[in-house]
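S.K.: Pasting a structure below so you can have a look.
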Amino acid sequence: MNAILNHDYATQFLEDLREPGAAYFSPSAFSSILHISAQRLAELAKVHRTTTTRSPDAEKLQDFLRGAATILAIAVELSGGDRQRAVFWFRNVPLLELDGRTAEQLVADGAAEGVRDYLINLSAGATG
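To convert a position in the sequence shown, counted from 1, into the numbering used here, add 670.
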């Protein structure tokens, strides 16, 4: 993969995850794009199941969404704007260099920064 050349795909992707009229990520938009339930999102973010609808701007939920959105935005860029490919990768592809866990699992466990660094190295041409 080549280094990220433009940020149009990532910028639009992040904008689509924003809560309309607000300065935070939308749990419902995130769930929709990833094809997961609000319950599953709550599990990943390690918040109560009602937090995604009753307190969408809760700090712990937004921390997860911010980390996941960052990783997904980079993945969208690296896939040439193919959101479905990026989502599939995020949810399903084990990262051998990161203990064989998926990006989704790593972000849920608070390791978004490690996944981000992995993607940046990958985009720069590192092979492991």
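Don't be surprised by glycine CBs; every beta carbon is placed ideally from N, CA and C.
No experiment lies behind these values; they were computed from the predicted model shown.
Using 8 Å for Cβ pairs, my map puts L792 next to G784. What's the rounded Cβ distance?
M.R.: For the purposes of this step, residue 792 is taken as residue 122 along the sequence shown, with counting starting at 1. For the purposes of this step, residue 784 is taken as residue 114 along the sequence shown, with counting starting at 1. That pair is no contact at about 13 Å.
S.K.: Report the three-state DSSP secondary structure of R719 (helix, strand or coil).
M.R.: Against the sequence shown, residue 719 aligns to sequence position 49. Coil.
S.K.: Quick one: any contact between the segment 750 to 757 and the segment 715 to 722, if contact means 3 or more CB pairs under 8 Å?
M.R.: The segment 750 to 757 vs the segment 715 to 722: no contact.
S.K.: Could you check where the alpha helix (DSSP H) with Y694 kicks off and where it finishes?
M.R.: Counting from 1 along the sequence shown, the entry for residue 694 is found at position 24. Segment: none, Y694 is in no alpha helix (DSSP H) and carries neither H nor E.
S.K.: Taking 8 Å as the limit between beta carbons, can you name the residues of its chain near T772, skipping five residues before and five after?
M.R.: As a first step, residue 772 must be located in the sequence shown, where it is residue number 102. Answer for T772: F760, R761, N762, V763, P764 and L765, listed in chain order.
S.K.: Using 8 Å for Cβ pairs, my map puts A743 next to A794. What's the rounded Cβ distance?
M.R.: Taking the sequence shown and counting its residues from 1, the one referred to as residue 743 is at position 73. Taking the sequence shown and counting its residues from 1, the one referred to as residue 794 is at position 124. The Cβ separation is near 17 Å, so there is no contact.
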